[in-house]
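>
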Amino acid sequence: MSVIRSVGQWLEERAGLGAAVRPVMEHQVPRSSASWWYVFGSATLTLFMMQIATGICLALVYLPSADQAYDSLLYLNYVAPLGWFLRAVHFWGSNAMVAVMTLHLIQVFLFGAHKYPREMTWVVGVFLFLCTLGMAFTGQVLRWDQDAYWGLGIAASIAGRSPVIGESVVQILLGGPIIAGRTLTRFFAVHVFIVPGLLIALVGLHLFLVLRLGINEWPMPGRLVDRRTYRQRYEEEVHKDGVPFFPDAARKDMVAAGVVILVVVLLAVIFGPFGPGGVPDPTIIDTAPKPDFYFLALYAVFALLPPWTETMLLLLGPPLAILVLFLVPFIAGTGEKRHGAQRPRRCGTSAGGLRSSSRARW
Ligand code: HEM
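Numbers 15 to 376, taken from this note's numbering, label the letters of the sequence shown in order.
Printed below as a string of structure tokens:
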């Protein structure tokens, strides 16, 4: 212990990391936010770090070329020591990240955390959401099997229907007019460099905003969000009844982080890696490609659409939904109450989601 302490002191004297990190870890948060409802953001962050770690290990073995990718996955599944486990953790980790991030989005929305002054935190969050779905989609393509090939084919045919720019979008997406070797290289670069770089930068900005603006307090009936008074009232509440983020709030975040890691490892051990499911073969057209779970709902809805509505809704539906997500803080940002009972439309119930009495139990 004394060796560790003296190394720590040596580092602290020169780098001063402790002095920089301590104020961040011990910054005051509203006592009400030291709750299990607030763990989804840090749980998503934990899963993201897990994806980066397993992704780097996979990239050391995976061969991003059209004629070798499939075999390199089989090598990971059946030859490389713990290769199957690495692939499985990365697969279940990506599913878990999308699921937990969606829970985080729903929680911050239900708690009105998108309202003043956290509108920008929300907007950055929406970019994080799109990037994470982008990682999920490009990751599925890197499996380079029948599902990936035809799934990408469907995506390209939808993109190709865009008026005026359709052809260029397909060219950019596939790296040519058809799915070929260059397509895989392109998706590999997007999945391993471009989007992770964006995600890391956006998560940094997201957390900077969370620290700068403070964690949203528990929504209370009759508490209005007013630009003129909110910041001052928030500071007063945190000053009067705040707790240090570490250990009070961080304790629950760390338990949640441990739980999500455990769940992903258990899923990996029990169900193993997913695919690859059959060498990609454009001559096999009698196939029913299926996207991973996060796109299944979209896939199912589009399958039910009458054919004449398909192109219009395929091209307009998703962009409109994304636009609405971005506009949420600007549609209902200020001057409105936060508590569910005051936002029945948000909660879709007459009495609203959260009753203040439930807080005591937490
Ligand atoms: C990679 C994805 C994401 C990561 C790693 C992440 C991480 C975090 C973390 C660690 C916090 C601090 C408090 C908490 O845990 O709730 C937070 C807060 C927040 N996040 Fe995210 N987030 C992500 C995606 C999103 C998305 C998709 C949205 C919404 C569209 C969003 C909106 C917010 C908002 C508004 C806050 C402030 C909440 C508050 O003050 O209570 N985040 N995020």
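Ideal placement from N, C-alpha and C gives every residue a C-beta, glycine not left out.
Please report the distance separating the alpha-carbon of M15 from that of V21.
If you take the alpha carbons of M15 and V21, they lie about 10 Å apart.
> Give me, in chain order, the residues of the same chain whose beta-carbon lies closer than 7 Å to that of A282; leave out the 5 immediate sequence neighbours on both sides.
So the list reads F99, A102, V103, W106, once near-sequence residues are dropped.
> Identify, in the order they occur along the chain, each residue of the same chain with its Cβ nearer than 7 Å to the Cβ of L77, setting aside the five sequence neighbours on each side.
The answer, listed in chain order, is A83, S86.
> In angstroms with no decimal places, state the Cα-to-Cα distance between E393 and R226.
Residue 393 lies beyond the range of the chain shown here (15 to 376); nothing can be said about it.
> Any heavy atom of the ligand HEM closer than 6 Å to the CB of Y130?
Outside the cutoff, so no.
> Taking 7 Å as the cut-off, decide whether the C-beta atoms of D161 and P303 are in contact.
Cβ distance < 7 Å, so D161 and P303 count as in contact.
> Using DSSP with H/G/I as helix, E/B as strand and the rest coil, what is H353?
Because H353 sits at a pLDDT of 49, beneath the cut-off of 50, its placement in the model cannot be relied upon, and the following sentence gives the value as read from the coordinates. DSSP places H353 in coil when its eight states are reduced to three.
> May I ask you to check if the CB of I229 is nearer than 6 Å to at least one heavy atom of the ligand HEM?
True, at least one ligand heavy atom lies under 6 Å from that Cβ.
> DSSP three-state label for L124, please.
Note: L124 maps to helix in three-state DSSP.
> According to DSSP, is L72 part of a helix, a strand, or is it coil?
Three-state DSSP puts L72 in a helix.
> Any heavy atom of the ligand HEM within a distance shorter than 6 Å of the CB on V217?
Checking every heavy atom of the ligand HEM against the Cβ of V217, one is found closer than 6 Å.
> Taking the C-alpha atoms as reference points, what is the distance between L96 and A67?
Distance between the alpha carbons of L96 and A67 is about 14 Å.
> Please classify L319: does DSSP put it in a helix, a strand, or coil?
In this structure, L319 counts as coil in the three-state DSSP scheme.
> If we count the other Cβ atoms within 10 Å of its Cβ and call it buried at 16 or more, is K254 buried or exposed?
That one is exposed.
> In this structure, how does DSSP classify W376 when only helix, strand and coil are distinguished?
Summary for W376: the model assigns pLDDT 47, below 50, so the residue's position carries little reliability, and this model does not support an answer.
> Tell me which residue opens and which closes the beta strand (DSSP E) that P258 is part of.
First-last of the beta strand (DSSP E) with P258: 256-258.
> With 16 other CB atoms within 10 Å as the buried threshold, where does G30 fall?
By the neighbour-count rule (16 or more Cβ atoms within 10 Å), G30 is not buried but exposed.
> Indicate the three-state DSSP secondary structure (helix, strand or coil) for G278 in the structure shown.
Correcting the residue type first, residue 278 is Val in the shown sequence and not Gly. Three-state DSSP puts V278 in a helix.
> Is T197 buried or exposed, if buried means 16 or more other CB atoms sit within 10 Å of its CB?
Classification for T197: buried.
> Distance, Cα to Cα, W232 vs L212?
W232 and L212: Cα-Cα distance of roughly 31 Å.
> Taking Cβ positions, are L223 and T135 nearer each other than 7 Å?
Going by C-beta atoms, L223 is nearer than 7 Å to T135.
> Quick check: what's the CA-CA separation for R132 versus D81?
Taking the straight line joining both Cα atoms gives about 48 Å.
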